[in-house]
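Protein chains in written order, with the numbering used here: chain A, 244 to 518; chain B, 46 to 354. Data first, discussion second: the structure below is written as C-alpha cells.
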Amino acid sequence: MGRRYLSLLVTALVTAVIAFMAHTAGAQSDNDPETDDSQTDIASDARMSPADRLLRTREFLVERAQTRPRLQPPPIGRPPLRNDRAMVDWDDVSATMAETRRRDAAGANAASAASVPRLEGLRALAPTQLQRVRPSEVDAVQMPVLVPGSDEILASVQVFGQADAYSAIADAGNNLAFRISGARKRLVLEDPPAPRVAMERMRSARPPLPGLGARYVITRSDSSTDLSFSRFGCGYVLSLMCDDPDGDARCAEDDFIVSLASSMVLLNENAGSGQ
Amino acid sequence: MRAGSETQKGNTTVNLLIGLAIVSLCFLAVWWYEKQAVESVPPQFADELEDEGSAIEEPDAPSGAIPEDPPDTLPGDEDEDIPPTDTPLTDAQGDVFAYLPVGDLLPLSGPGFVDDTVYRPDIVFPTEDRVFLNSQVYRYGGYQGSLNGMEGGQCEIANYDYPWQDTFCEKRSRNQDLCPGGGHEGLDIRPASCTKNVHWAVAVEDARVIDVRRHWVTLQTADGTIYNYLHLNMGALEVALGDDVAQGQRIGVISNDFYNSDGSSVATTIHLHFEMYENYVASDGADPLFTKVNPYMTLVSAYDAKLRE
Chain A
244 MGRRYLSLLV
254 TALVTAVIAF
264 MAHTAGAQSD
274 NDPETDDSQT
284 DIASDARMSP
294 ADRLLRTREF
304 LVERAQTRPR
314 LQPPPIGRPP
324 LRNDRAMVDW
334 DDVSATMAET
344 RRRDAAGANA
354 ASAASVPRLE
364 GLRALAPTQL
374 QRVRPSEVDA
384 VQMPVLVPGS
394 DEILASVQVF
404 GQADAYSAIA
414 DAGNNLAFRI
424 SGARKRLVLE
434 DPPAPRVAME
444 RMRSARPPLP
454 GLGARYVITR
464 SDSSTDLSFS
474 RFGCGYVLSL
484 MCDDPDGDAR
494 CAEDDFIVSL
504 ASSMVLLNEN
514 AGSGQ
Chain B
46 MRAGSETQKG
56 NTTVNLLIGL
66 AIVSLCFLAV
76 WWYEKQAVES
86 VPPQFADELE
96 DEGSAIEEPD
106 APSGAIPEDP
116 PDTLPGDEDE
126 DIPPTDTPLT
136 DAQGDVFAYL
146 PVGDLLPLSG
156 PGFVDDTVYR
166 PDIVFPTEDR
176 VFLNSQVYRY
186 GGYQGSLNGM
196 EGGQCEIANY
206 DYPWQDTFCE
216 KRSRNQDLCP
226 GGGHEGLDIR
236 PASCTKNVHW
246 AVAVEDARVI
256 DVRRHWVTLQ
266 TADGTIYNYL
276 HLNMGALEVA
286 LGDDVAQGQR
296 IGVISNDFYN
306 SDGSSVATTI
316 HLHFEMYENY
326 VASDGADPLF
336 TKVNPYMTLV
346 SAYDAKLRE
C-alpha cells in the first residue's frame, strides 16, 4: 500500500511540475516582445481586444519606422548593376520555325489538312493579315514579335512596338483580357533576393513549353495570371485578366495559358535579316 | 476501528493524489490545447481570418470604434533642437517622411516579399501630391481591418499618415508560388486625402500607353519596363491608347474605379494600385525573367527625391 501511495505521489508531482513548467513557458513566450514566432502572434491575436490589437499595431509601426536625413542621406536600397541589351539569336528563330514547318508537313501527310488540329510551334504571320495591327508598329521592333496563334486573339490583337520592346493586347473572348509583352533589354541584378532565386528554381523545374522549348514560370495575383519565359535571348510575359480569376479555369489553372504560349506566331520574320 | 481509520485515511490520500493528478492533467491539457492552436494556424493563416467578411465598408463611414489617439511620435520629429544635419526629411506639409522596411507588412496581412532592389533609380514618383503607402484591406475601411484593431471607414485620419508600409505579397484569396499565402503583386498608394478624382497620377518615365481597359492603364518604356496604374477615373483620363507620354505627364486622377468586363462595378477604396514588371537576369549568362517585381524601394527612392526638389 505504501509503495502504491509513493508511486502515485511521485507520478502526480512529476505531472504537476511538467504542467507548471509548460504553462509558465507558454506564458513567457506570449509576453516576450522579442519573440519572432509569428504564429504565436497569430494565435494570441484571436484573444486580443480591438483596443489591444490597435495598440499592438501602432507599436509595430512606430518601432519599425525609418526616416531619411535631410542632409547627406545614405543610399536607398540597391540599384541593378546595369541594363544590358541582349543579342537576339535570329539563327535560333529560323531553326525553330523550320522545325515547326517540318512537323506541320509531317502532320499534313498523315491526314487531310482539315482534320489536323493546330500543332504547337512557331509559325510566321504577316502583320498585314491581322485586321487591327499596324505594320509600322511591328516593323519598329528589333526583337521577335510573338503573339499567340489563337483565332480569338488574332482577330482583335493590337501591337505597340518600340525598338527594344513591344506589347500586344487583345480581348480573348468571354470576359478575358489578354496582353503579351517582350523586352530585349534586361536588368542585371546583383545578388538577387531569395524569392527571385526561388522563382528561377521554379522555372527550372518546369518542363519546357511544347513547340517553343522554353522553360517558364506562372504566377498569379489578384490582378492577373502571368506566364513568363525567355526565348531567343529576350524576355516575354503573357498576362490574362479574368473577371473571376479563381473561378475561371483559364486563369485559375495552367492549361489555357500554357496552350497560348505554345502556339506562337512570329509577326516579324524578316527582322533578323542583316543583323 | 484503527484499521478502518487507516483505511479511510488511505482513501483520502488516494483521493487527494488523484485530484492532484487531475488538476495537473488539466494544466497539461490547457497547455497542449494552446500549443495546438498555435501550430494549427497554417502559413496561409487560419480559415477564421478568411471568414470575417468580404464587403468593403462604405467610404466616409466614421469609425467611432477606436478612440482617436494623437499621432504617434515618429523617430526624429520630437526634438526641435537637434542639429541641422540630423533633421529628418519632411513633406510639403512639414510631416516627417517615415517608412517601414520592405517586406514588413502589417501583422496578419501576409508573408511579404523582401526585395530591396531599386529597379529604376531615375523614375519620378507616380503622383503629384504626397501619398501614403499602406494597406487597403487590413486597415481602416478594408474588410480585414479588424484583425489589427482598425475598425472604421477608409477616411479614418490614421490612414493618411506615415509611416509607409509595403503591401507586396499581401494576403488575398489567391495562393501562389511567388507569395505563399499572399497574392497582391503591387503596391497600394493612398492619395493625400480621402477625396476621389482630385489627386493626379503621373507617368513615372517616358513611355508608351500600351493598354487602357476596364480599370487599368498600362505604360511600357523603351527598354521594356511595364507600369500598371489601376483604379484611376477611367472616364477622365488624360492619355489614350498608343500615346507617347513624357515623364511626369498627367495620366488621370486617382479614384476607385474597378470593373468587370461587362461594365459592372466592384467595390474598392480610393487608391492607386501600382504594379511594375521588369525583365531581369539574376546573373550574367542567365536567361531573363520578365515578371512583376516589388516596386517598394523604387518608390521610396523616388519619393525621397521628390521631397528634396
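Glycine residues also receive a C-beta, built at the ideal position from the N, C-alpha and C atoms. As the structure is a prediction and not an experimental result, all values here were calculated from the model.
Does any residue of chain A have a CB that is nearer than 8 Å to the CB of residue i?
i	result
M279 of chain B	no
R235 of chain B	no
H229 of chain B	yes
Q292 of chain B	no
Y272 of chain B	no
E196 of chain B	yes
K241 of chain B	no
L275 of chain B	yes
T336 of chain B	yes
E354 of chain B	no
L119 of chain B	Note that L119 of chain B has pLDDT 49, beneath the 50 cutoff, so the model's placement of it is unreliable and no number is given.
Under the three-state reduction of DSSP, which class applies to residue i: helix, strand or coil?
i	result
I500 of chain A	helix
V249 of chain B	coil
N273 of chain B	strand
E433 of chain A	coil
F403 of chain A	strand
M386 of chain A	coil
K241 of chain B	coil
S464 of chain A	coil
A350 of chain B	helix
E323 of chain B	strand
Q199 of chain B	coil
V505 of chain A	Residue 505 of chain A is actually Ser in this sequence, not Val. Residue state, collapsed to three classes: coil.
M342 of chain B	helix
E302 of chain A	helix
I168 of chain B	coil
A137 of chain B	coil
What's the gap between the Cα of residue i and the Cα of residue j?
i	j	result
V284 of chain B	N273 of chain B	14 Å
V402 of chain A	G416 of chain A	18 Å
S379 of chain A	A329 of chain A	23 Å
D295 of chain A	G197 of chain B	16 Å
P112 of chain B	S502 of chain A	In this predicted model, P112 of chain B has a pLDDT of only 35, less than 50, meaning its place in the structure is not dependable enough to derive any value.
I500 of chain A	L481 of chain A	8 Å
A522 of chain A	G228 of chain B	Missing from the structure shown is residue 522 of chain A; chain A here goes from 244 to 518 and no further.
L277 of chain B	D414 of chain A	21 Å
A514 of chain A	V336 of chain A	11 Å
D332 of chain B	S473 of chain A	6 Å
Y164 of chain B	P340 of chain B	7 Å
L282 of chain B	V262 of chain B	9 Å
S467 of chain A	T132 of chain B	42 Å
P166 of chain B	G350 of chain A	51 Å
A492 of chain A	R259 of chain B	21 Å
Q294 of chain B	T462 of chain A	31 Å
A367 of chain A	L510 of chain A	6 Å
L365 of chain A	A383 of chain A	21 Å
Could you check whether the Cβ of residue i sits closer than 8 Å to any Cβ belonging to chain B?
i	result
M330 of chain A	no
S502 of chain A	no
T310 of chain A	yes
M442 of chain A	yes
N418 of chain A	yes
A426 of chain A	yes
V388 of chain A	no
D465 of chain A	yes
L509 of chain A	no
V381 of chain A	no
Quick one: is residue i buried, meaning 16 or more other Cβ sit within 10 Å of its Cβ, or exposed?
i	result
S300 of chain B	buried
D489 of chain A	exposed
S316 of chain A	Reading the sequence as shown, one finds Pro at residue 316 of chain A and not Ser. Per the 10 Å Cβ criterion, exposed.
V311 of chain B	exposed
E512 of chain A	buried
T371 of chain A	exposed
G280 of chain B	exposed
Q138 of chain B	exposed
T343 of chain B	buried
R535 of chain A	Chain A is shown from 244 up to 518; residue 535 of chain A falls before or after that span and cannot be answered.
R235 of chain B	buried
G330 of chain B	exposed
L314 of chain A	exposed
**OP:** Assess, as a yes-or-no matter, whether the stretch 146-160 of chain B is touched by the stretch 186-206 of chain B under the definition of 3 or more beta carbon pairs within less than 8 Å.
**Re:** yes
**OP:** Determine contact between the stretch 230-248 of chain B and the stretch 309-327 of chain B, defined as no fewer than three beta-carbon pairs at a distance below 8 Å.
**Re:** Yes: the two stretches touch, three or more of their Cβ pairs being nearer than 8 Å.
Original post:
Is it a yes or a no for the stretch 176-190 of chain B touching the stretch 331-348 of chain A, going by three-plus beta-carbon pairs under 8 Å?
Top reply: In the pairwise beta carbon analysis, the stretch 176-190 of chain B is classified as not touching the stretch 331-348 of chain A: fewer than three pairs are separated by under 8 Å.
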